[in-house]
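Peer 1: Numbered per the numbering used here, the sequence shown spans residues 2 to 174. Got a structure for you, written out below as structure tokens; questions coming shortly.
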Amino acid sequence: MQKEQDRGKIALFVVVAALVLALDQLSKSWVRNNAKMEVGWIIELLPEFLDFVYVKNYGSAFGLLANQTFLLISITITSLVIILLFLRHLYRTTTLSFVSTGLILAGALGNLIDRLRFGYVTDFIDVHLGNLFHWYTFNIADTAIVIGILTFIYSLYRSGLFSKVYEHRHSKP
């Protein structure tokens, strides 16, 4: 029974990762093809709020480590290895942990594929409130990573891990 549950969690992990990775790569390809590789190409989806705009991101989140492609690839590959090693220990945790890990893995892989193919990551989702607020342009892989991390933290909280750590640190020896 337990092995069957473990297989189900692993299958869910694989399906989530594969779907998110496919959606990420297809959306980036669509943007590059429609933009004809012209940076600044734009489609207004919801005026004053949401646009698709073609951006070549040579850095990481928020443009950090710009033009450090080798370093970013190395960090990503190291992170992927850690995620895969960590996955071996997830079998004792909730299904939500597998879903969140699948999201993180797919996001990291999606951006790694871009870096290896083009030397940059294709970003295109542009959220803003008119001229008052403008967030950094991002992509589906970035979204998957953020949702995956938040969901994973939530699953740790739900499992009681944080309270167990607190109790352990504050228990009398």
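Every residue, glycine too, gets a C-beta built ideally from N, C-alpha and C.
Taking only three categories from DSSP, how would you classify T96?
Peer 2: As a working note, residue 96 is residue 95 in the sequence shown. Helix, per DSSP.
Peer 1: Within the continuous alpha helix (DSSP H) that includes F139, where are the two ends?
Peer 2: Position 138 of the sequence shown holds residue 139. Note, F139: premise wrong, no alpha helix (DSSP H); not H, not E.
Peer 1: With 16 as the cutoff for other CB atoms within 10 Å, does F87 come out buried or exposed?
Peer 2: Stepping through the sequence shown from its first residue, residue 87 is reached at position 86. Exposed is the call here.
Peer 1: Indicate the three-state DSSP secondary structure (helix, strand or coil) for L46 in the structure shown.
Peer 2: Counting from 1 along the sequence shown, the entry for residue 46 is found at position 45. In this structure, L46 counts as strand in the three-state DSSP scheme.
Peer 1: Evaluate the contact criterion for the region 48-57 versus the region 142-157: three or more CB pairs, one atom per stretch, below 8 Å.
Peer 2: No: the two stretches stay apart, fewer than three of their Cβ pairs being nearer than 8 Å.
Peer 1: Within the same chain, show all residues whose beta-carbon is closer than 6 Å to that of L113, passing over the 5 residues directly before and after it, in chain order.
Peer 2: In the sequence shown, counting from the first residue as 1, residue 113 sits at position 112. Within the same chain, L113 has close Cβ partners T77.
Peer 1: Less than 7 Å between C-beta atoms, sequence neighbours within five positions excluded: which residues of the same chain meet that for T138?
Peer 2: For this step, residue 138 is matched to residue 137 along the sequence shown. Excluding sequence neighbours, T138 sits near V54, V56, D124, F125, I126, D127.
Peer 1: Can you name the start and end residues of the beta strand (DSSP E) that K57 belongs to?
Peer 2: Indexing the sequence shown from 1 puts residue 57 at position 56. Note, K57: beta strand (DSSP E), 51-58.
Peer 1: Are the Cβ atoms of S80 and A109 separated by less than 7 Å?
Peer 2: For the purposes of this step, residue 80 is taken as the residue at position 79 of the sequence shown. For the purposes of this step, residue 109 is taken as the residue at position 108 of the sequence shown. Yes. Within cutoff.
Peer 1: Using a Cβ-Cβ cutoff of less than 8 Å, which residues in the same chain neighbour F119 once the five nearest sequence positions on both sides are dropped?
Peer 2: Position 118 of the sequence shown, counted from the start, is the residue given in the question as residue 119. So the qualifying residues of the chain are K57.
Peer 1: Look at the alpha carbon of S160 and the alpha carbon of L151, and state the distance between them as a whole number of angstroms.
Peer 2: Stepping through the sequence shown from its first residue, residue 160 is reached at position 159. Stepping through the sequence shown from its first residue, residue 151 is reached at position 150. Distance between the alpha carbons of S160 and L151 is about 14 Å.
Peer 1: Looking only at C-alpha atoms, which of S75, T94, L51 sits nearest to L157?
Peer 2: The count along the sequence shown starts at 1 and reaches residue 157 at position 156. For L157, the nearest C-alpha among the options comes from T94.
Peer 1: Throw me the rounded Cβ distance for the L104 and V16 pair, which I believe falls under 8 Å.
Peer 2: Residue 104 sits at position 103 when you count from the first residue of the sequence shown. Residue 16 sits at position 15 when you count from the first residue of the sequence shown. The Cβ separation is near 12 Å, so there is no contact.
Peer 1: Per DSSP, what are the beta-bridge partners of F14 in this structure?
Peer 2: Position 13 of the sequence shown, counting from 1, holds the residue named residue 14. None; F14 has no bridge partner.
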